[in-house]
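In terms of the numbering used here, the sequence shown opens at residue 4 and continues consecutively.
Backbone N, C-alpha and C define an ideal beta-carbon position, used for all residues, glycine too.
These numbers come from a predicted model, not from an experiment.
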Amino acid sequence: MNTNRLKRFAQEARKKLIQQVDSRMELVMTTDSAELREKAVALSNLKNAITSTSKEQVIDKVAYTWFNRLMALRFMDLNEYQPTGVKIVTPKEGYTLPEILEDARQGQIPDELPVNKEHIYDLLDGKVSSSNAQNEVYKELLIAACNQLHSIFPFLFEKIDDYTELLLPDDLTSEFSIINEFLKGMVQEDCGEVEVIGWLYQFYISELNDKLISSKKKYKTEDLAPASQLFTPKWIVQYMVDNTLGQIWTEFDPNTNITSSLEYYIKPDYLEELENRESKSIEEIKFFEPCVGSGHILSYAFDVFYKIYEEQGYNPSEIPELIITNNLYGVDIDERASQIASFVLLMKGREKHRRFLRIIEKKNIIPNISFYQDFEFDKKFENASALGSLIEVTPEEVENYKIDENSIFSARQEELKKLYSLLGQRYDVVVTNPPYIGASRMEPTLKNYVANKYPETKSDLFACFILKSLELCSSRGLTGYMTPFVWMFIYSYEKLRKIIIDNHFINNLIQLEYSGFDGATVPICTFTLRKQNINKGRGNYIRLSNFKGAANQAPKTLEAIQNPNCGWRYRANHKDFQEIPGMPIGYWASTTDVKIFKENTFLGEISNPKKGLDTGDNDRFLRLWFEPIQTNIEIVSSHSFTSNQIDGTWYPINRGGGFRKWYGNNEYLIHFKNDGFLIKNTKNEKGRTRANLRNEKFYFQESLTWGAISSAKFSARYCYPGGLFGAGGYSVFAEDKNRILAILGFFSSKLSDHFLKILSPTLNFEVGNISSLPYKLDADGNLEIIEIVEKCIEISRNDWDSREISWDFSKNELIRIKSHDIERAYDEYCLYWFNQFNQLHQNEEKLNQKFITSYCLQDELSQKVDFDYITILKDETDIVNGELVFDKIEIFAQFISYAVGCMFGRYSLVKEGLILANQGETLEGYLKKVGKGEAEVQFLPDEDNIIPVLDDEWFEDDIVGRFYEFLKASFGKENFDKNLAFVEESIGKDIRKYFVRDFYKDHVKRYKKRPIYWMFSSPKGSFNVLIYMHRYTPDTLNSILNGYLIEYREKLKARIEHLDHIIETGSSTEQTRAAKEKDGLRAILLELQEYEREILYPLATERISIDLDDGVLVNYNKFGKAIQEVKGLNDKKAKEKVRKFDWIETAEII
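As structure tokens, then:
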């Protein structure tokens, strides 16, 4: 089945139908004709429908109605299922018109069709005038065919005498018609199985589904269905049904051989624990799908029931009717879905018995499938379209339900009775793929209902349906699900786990790999529960975490089913999960693991893991450390911090960050002046404080920190006192320094990751997970562990501080080595850091050995550490075939970046650390800070804070010239040519090309889209100058204009005059070359004139001021098109964001 083709077709067909129905509506609403006057009732109904809902909703309903009908007709055509034996939308082989139309042209119209044959023939013969007789005839035949099918499929083919017929698209027979779209989109090879109907339904609503999910808004009632539809993969459907319906039948009939034909059946090993069942016939087994969707689950259940009936010796011609009337039940909040599900089941019947459609027409058989609608006269079902199958109905209420024949609602009471019956009876099997909708996005009525009825699972709708399905199940029944797997591990679902473990039994479960299902936006699992609790039994579990991609999931599941010793199939008694804090479904935990959890102290008992603050407005209160004025920043990088130092404006804050152990990820500052007065007193529109300042008594203390969310393994880092911690950067506190260091050793060993995979394999590491880690107190007193940890922190800190992005950066590593030969400096750099890397690697393996031995896990864990998990030198090296390989480009990009910092005075070759890092600082301030006179400094910063970056040497002191001087100053004049050659060889290009093409992109990336050097550029980039934002003044733009742009323009003019002379006097080749260059320069001149006139000059006259404490995001956006665009910083979306800030003067954003 080509699902890509089907998806394209369904999405395009939806757009086309909506557009054509809209056009048709416009016509019928504005045109007066005899034909329309005959349809006065339908027209009136159309107007009423628009009034009661909206024009858009009516168009959408008519479009999907016709999509469903044409889809069904095409499917039946291709499979020779049409009751009349004539194809309705499909041509005969060798023809182009639908067979029904072609036959009519030959004088053959099926007698069953309710159509005026004489009128049809008169149209075709031209006796009745028509602008397009063939199209008009086909329209009548199509409507008649739909009406004829009403007696078989009343839920899908309603009698067409209302506005649905009025809004049928005009063009039905041309090559551009919607009919032709169906012929091209639904081809024979895709339509052999009825499964295609489900795919088409999902694809039809997929764009709406994507739009709703990405909107992040609360869903309206009408949004719930399209937002929650997710087509269940066939293999998962097979697994769920095989292990519920297949399993339960083996218990009713121990002699059955049915499971030998069920590919995904997993035989339990606890059956002796079950009490003897009372016997049931196959006709008594009831199977329910409470969120039926397009009927994919019921479709496969039909197949399994059919096999059982066959095994029981039933007549094949009787089986489809028995299954549909006795065994299968379903309901949905989406009327469209219920229609398709009913159609799918009848197609399954027709697949098995060629006269089946005649039988159901004669007996008026309709599948036991319904849909929810609001019944305003019934308290239970007044909001049914939102609440769906969560509505509680008891068997007694079904029995007592009465229809009032005298009521104006009597007809609707008949419909409601079906819903009472569906929800009031109990089923042997309940299987579903429930909606995944979090509480924050629930429609208000639904949210309130869930909070009251399902308080233990109110955080997500899928969890409510786990419990609801168990309620709908008989006392000895089985349930099956496909859901997100977060319920297995995270804290908010602990009560659900407790309910399941205490009262029910996990029969079996498959945990898919994170990307194991293409259609889901969350990692999922599929599992079956037995309503009856089995105390001593063991469930079967299959873990697919190591098999990436959707294509691997089904084959690896089958492999595990066939080979229990494959390595990813487990058996576990779910009562063992009670021994682990939070009761995670850690089925792969060994006996030793469970014992460790049971016998040891939990980390939360001997330390304080805490969640940090939420600012309520990160854009206002958080900055990367290099953004604000440095004198306003209070950073302590030692143990000497005391409380009386809390008098700055900006302080460090831990926010998590990427996978890094020991030390680092120190990037952010928080505005916490006057003990956070501004944060504490900033209110939202409801007058409530925006921030949530959790655990204030732990602020500014020494700690360990980790990221709440990781894309890899768990990692923690040491933090000196003097900072705060945010909600994304959780922290651990302890009174004893050695305990902090010992815990960090434990965190950085394999044991923490091993236990966290049991507690939280979702890669979300909450405070509860860390608190629940089993910790052996003897590590606190192990001085060797403490010494190793201290050395690891030192190595990691030195690595972190070797880069400009550290607030403790002192100088570039190649400069630190002190050599006149930059190649030798590079070699020494590589040797030094290679040794540091190896030392850290050895230290981590020593720690692993000590902790693994202490926990007696030698048989389960190895002390070996892959190089990939050593977290220093991540930017500067790659691991290639198990070897550490240094990245020259990155190392020299850092060197060049440092050189630019020296050009602007941020750094100096004569003094380590930051020099100029406050607002508006000058060369005079630089000399004062380095403590030297101008003549004593070999490499001075640029005096006016403006450095041209051009494609040729138009200015003597452009960035290339300045780099040459820096290289001479830092590595000596005598080796300049050799050193420059090595730099250019290392970066793979000429240094000018690097500065023009690559430097700014590298700088923006290095500084996380908050650059400190700003590139002012003309529209096409012919003119570029770089400035340092900390030295910016209101006169800077005027200096760019008069000191550089105008001078550059004059130099171009002079060059053009020179070229004119060549054109007049030079050789033919010289003239051609000169003319070409002149054309290019003239284009540049025009660009510069426009840049000056329209952009730079107007801004220069404004003398724009910036406040560094407002951050780069605000300040950069004050310069409009004068400054180079950076996606995520000053593109359209970013500007719109900044203009909404309520703490700046937004009129300055241009």
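Coarse secondary structure for Gly659, derived from DSSP in three states: The answer is coil: DSSP assigns Gly659 none of H, G, I, E or B.
Neighbourhood of Leu429 by C-beta distance below 6 Å, restricted to the same chain and skipping five residues each side: It should be noted that the sequence gives Arg, not Leu, for residue 429. Here the set comprises Ser477.
DSSP-derived helix/strand/coil call for Gly316: In the structure shown, Gly316 sits in coil (DSSP, three-state: anything other than H, G, I, E or B).
Euclidean distance between Cα positions of Glu459 and Ala920: The straight-line gap from Cα to Cα measures roughly 53 Å.
Residue burial classification, Leu834 (beta-carbon count within 10 angstroms, cutoff 16): With fewer than 16 other beta carbons inside 10 angstroms of its own, Leu834 counts as exposed.
Distance cut-off 7 Å: Tyr997 Cβ against heavy atoms of the ligand GDP: The ligand GDP is not among the ligands present in this structure, which contains no ligands whatsoever.
Proximal residues to Glu198 (C-beta, below 8 Å), its chain only, five neighbours per side dropped: Result list for Glu198: Met4, Lys237, His299 and Ser302, in chain order.
Candidates Glu915, Gly916 and Ile796, of which the one nearest Ile873 by Cα: Looking at the Cα atoms, Ile796 is the closest of the given residues.
Given Glu184 as reference, the closest of Ile962, Asp802, Arg11 and Asp463 once Cα atoms are compared: When each option's Cα is compared against that of Glu184, the closest is Arg11.
C-beta atoms of Lys289 and Tyr332 nearer than 8 Å: Their beta carbons are under 8 Å apart, which means Lys289 touches Tyr332 by this criterion.
Simplified DSSP assignment, three categories, for Ile112: Residue state, collapsed to three classes: coil.
Complete alpha helix (DSSP H) runs within the stretch 399-434 (minimum length 4 residues, chain order): Taken in chain order, the complete alpha helix (DSSP H) segments of 4 residues or longer contained in the stretch 399-434 are 413-427.
Stretch-stretch touch, CB-based, cutoff 8 Å, three pairs: the stretch 587-600 with the stretch 706-721: Too few Cβ pairs lie closer than 8 Å, so no.
The stretch 480-489 in contact with the stretch 411-425 per 3-pair CB rule at 8 Å: When C-beta atoms of the stretch 480-489 are compared with those of the stretch 411-425, fewer than three pairs fall below 8 Å, so the two segments do not count as touching.
Rounded straight-line distance, which links the Cα of Gly732 to that of Lys614: A straight line joining the alpha-carbon of Lys614 with that of Gly732 spans about 8 Å.
Integer-rounded CB distance, given that Arg77 should sit under 8 Å from Thr93: Yes, they are in contact, since the Cβ atoms of Thr93 and Arg77 sit about 7 Å apart, within 8 Å.
The stretch 374-381 in contact with the stretch 327-342 per 3-pair CB rule at 8 Å: Output reads yes: the stretch 327-342 touches the stretch 374-381.
Nearest-angstrom Cα separation, counted from Asn677 out to Glu939: Annotation: Glu939 to Asn677 spans about 42 Å, alpha carbon to alpha carbon.
Residue burial classification, Asp954 (beta-carbon count within 10 angstroms, cutoff 16): Asp954 comes out exposed.
Rounded C-alpha distance that separates Asp756 from Ile773: Going by the C-alpha atoms only, they are around 11 Å apart.
At least three beta-carbon pairs within less than 8 Å, the stretch 244-261 to the stretch 269-289: Between the stretch 244-261 and the stretch 269-289 there are three or more inter-stretch CB-CB distances shorter than 8 Å, so the stretches are counted as touching.
Inter-residue spacing [alpha-carbon to alpha-carbon] between Ile1109 and Val903: Straight-line measurement puts the Cα of Val903 at about 22 Å from the Cα of Ile1109.
Cβ-based neighbour list, Pro487, same chain, cut-off 8 Å, excluding 5 preceding and 5 following: Within the same chain, Cβ atoms closer than 8 Å to the Cβ of Pro487 are found at Tyr439, Asp463, Phe465, Ala523, Val525, Pro526, Ile527 and Cys528, the five residues on either side in sequence being excluded.
Rounded separation between Val1129 and Thr224 - CA only: Take the alpha-carbon of Val1129 and the one of Thr224: they are about 40 Å apart.
Selection from Arg697, Thr765 and Lys534 that minimises the alpha carbon distance to Ser713: Checking every option, the nearest Cα to that of Ser713 belongs to Thr765.
First through last residue of the alpha helix (DSSP H) which encompasses Ile372: No alpha helix (DSSP H) contains Ile372, which is instead part of the beta strand (DSSP E) from Asn371 to Phe374.
For Gln514: DSSP bridge partner residues: In DSSP, Gln514 forms a bridge with Cys528 and Arg546.
Lys613 - partner residues in DSSP beta bridges: For Lys613, the pairing in a beta bridge is given by DSSP as Ser734.
Proximity below 8 Å, CB of Leu1215 to CB of Ala972: Nothing in the structure corresponds to residue 1215, since the chain is present only between 4 and 1153.
Meets three-Cβ-pair contact criterion under 8 Å: the stretch 408-416 and the stretch 259-268: With a cut-off of 8 Å, the stretch 259-268 and the stretch 408-416 do not count as touching, because too few Cβ pairs lie within range.
Met4, DSSP secondary structure in three states: In this structure, Met4 counts as coil in the three-state DSSP scheme.
Alpha helix (DSSP H) runs contained entirely in the stretch 958-997, provided each spans 4 or more residues: The stretch 958-997 contains these whole alpha helix (DSSP H) runs: 962-974 and 979-990.
Buried versus exposed call for Asp781 [16 or more other C-beta atoms within 10 Å across all chains shown]: Exposed: under 16 other Cβ atoms inside 10 Å.
Where the beta strand (DSSP E) containing Asp1063 begins and where it ends: That residue, Asp1063, is in no beta strand (DSSP E); its alpha helix (DSSP H) goes Ile1049 to Thr1068.
At least 3 beta-carbon pairs within less than 8 Å: the stretch 977-996 vs the stretch 822-830: Contact between the stretch 977-996 and the stretch 822-830 is present, because at least three Cβ pairs lie under 8 Å.
CA-to-CA distance, Trp1146 to Lys686, given in whole angstroms: Looking at the backbone, the Cα of Lys686 and that of Trp1146 are separated by about 12 Å.
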